[in-house]
Amino acid sequence: MKLQRAHNLCVRFVSNVRKYDHITPSLEAIGWLKLDKKRNLHSLLFLFEILNSSIPSYLSSRFTYLSSHHNLNTRSRHETILTIPSHRTSSYSSSFTIAMRRLWNSLPASISDCRNKIQFKRKLTRHLVRVMKRRLKHKIIFVCALVFVLWINSFLYSHYQEARNDSTHEEVYNFPDIEMEPIRGRKNIIFLETLCAISPNEISSTGLLLTKRQACSIESAAKWNPSSTVHLLYTCSMNGGMEVTSSYIRQLFKYPNVKIWKLDIPEFLKGTPLEGWDFHGELELCTSMAARTWTWMSSLEELGGNYVGKENPQTLSSCVLSMSAEVIGHEVAKLCVEDTLKDFDGGSWNHNGTDLITKVLKQVCGVDKVSLNHSVPSNTAKLVKYQIRRTCMACYYTRSIVEKMSPETCRGFKILSTEVFTPIFYYQWKMLFRSTEIQEVMDLMNLSYGVHMWNFLSNEGNVNLLIQQPYGLLASHHCPLVYSNSDISF
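According to the UniProt record's numbering, the sequence shown is numbered sequentially starting from 1.
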């Protein structure tokens, strides 16, 4: 390669060609060969000498013509074809005796028949230059064809998008039609979007702000639970209204059971034990806030009420919480609020979620207490490793405790298995984006009502709509409106 670069520099100097211009046309113009072709030229000249002078004898004895073995008509062009012995190893295949036989047999008859060395060299050089030109033309044709195919694909896709948008004229929803505060006692599924919980949205013309995966979570819940009202409690100001909201978000309101409610957190906390809590001050210290995304795959009504799922065989999950307004559900919710007031820790990933619900339910269920408190590293870059290590440390102590939790010991509050909401564990999240593991992922979700996407870890994992991936297949089936109104990535 270094010698070829030096050769190319010489050609550029002679032909006055710029650094980044193609060198092959200049080689053709001055009649020079590339170094690999130059090596072939000298090797074939050497073979020509061997075949015509039988010198040296130890080499000439290795080369025999096919016609010397039999007189059958084997459709060979004539008597200049050399026999190629059988060979198995790549090193022997690239040796002089084998490689040169192939090169010689590939020459046109007008060259291999030649007996004059000067004429042979002249014809061979012209032949190699023509071969180099043909290859360049083939490359140019291939590149042009590829560019044309990509252009056609882009053209058709843009027209498809325009046709789809024209055929599915969207209704612009007014706020009174879709705004509704959750009503106590009704079947409510509540999503909480906290993007602007600390800092208000000061960007104009943004509309309702949701990622595609958040929108997919809401649509899948609305699709599979038509008798429940799906509420999105959002904290951002919808500057510009629904008119400037992304198309995939507006699709959500084609479901009559999807409602939104602007959440004023200080106002919402009035009259509750959290009214005097320094909400903004505590959240500003948080180092581990992340949106959680799900794909729902079945009606939650089959599960009844008052339940929490396991995040893994050892710990409980705070991602899906079902609590009724009466008796045990109200008691669990009250204990969670009281513990938040006393022991909120914004620097820990699990402390205010997984650890909190586990601690409260251990108290409700009357099982042994186990301390899960550990010092939190100040370096946020180490936070994920710390949380994983911490979870593993707690596994030994927590497994037997979680196994003891049942509706009987927990006064009717249910602890659901990992298959229900978290069939994919946090360390397996990459499976959702691998096209080679579709069947394995689908088998894991046979008994699931929803799939946790582990957004804190997978938020940079992209779904290409042109390639089949497990998450893409889930989204296309369980949130079809959001999925079909997304661009090439999801």
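Ideal placement from N, C-alpha and C gives every residue a C-beta, glycine not left out.
Remember, it's a predicted structure, so these values are computed and weren't measured experimentally.
Each residue's CA atom was taken as its position, placing V441 and H478 some 16 Å apart. Taking 8 Å as the cut-off, the Cβ atoms of T229 and R184 do not count as close.
Nearest Cα to S220 within the set M132, I488 and Y483: Y483. Secondary structure at I467: coil, using DSSP grouped into helix, strand and coil. Relative to F433, the option among L457, A145, T418 and N446 whose CA is nearest is L457. Boundaries of the beta strand (DSSP E) harbouring S318: T315 to S322, taken from the DSSP string.
Ranked by how close their Cα comes to the Cα of P423, the residues V129, K38 and S317 have S317 in first place.
When DSSP reads this structure, T229 sits in a beta bridge with N188.
In terms of CA proximity to D264, E193 leads the group S406, V17, E193 and L107.
Setting aside the 5 residues that flank it on each side, S15 is surrounded in the same chain by S26, A29 and I30, each with a C-beta closer than 8 Å to its C-beta; the list follows chain order. Proximity of the stretch 436-451 to the stretch 324-343 falls short of the contact definition, fewer than three beta-carbon pairs being nearer than 8 Å.
DSSP places Y92 in the uninterrupted alpha helix (DSSP H) bounded by S90 to S93. Annotation for E311: no alpha helix (DSSP H) segment contains it, though the beta strand (DSSP E) segment containing it runs Y307 to N312. In this chain, the beta strand (DSSP E) harbouring H452 covers G450 to H452.
Apart from sequence neighbours up to five positions away, the residues of its chain that approach C365 with a beta-carbon distance below 6 Å are M405, T409 and C410, ordered along the chain. Contact between the stretch 36-45 and the stretch 139-152 is absent, with fewer than three C-beta pairs closer than 8 Å.
Between Q314 and V244, the CB-CB gap reaches or exceeds 8 Å. Note that the stretch 231-239 touches the stretch 207-215; at least 3 beta-carbon pairs, one per stretch, sit closer than 8 Å. Around the beta-carbon of H87, fewer than 16 other beta-carbon atoms lie within 10 Å, marking it exposed.
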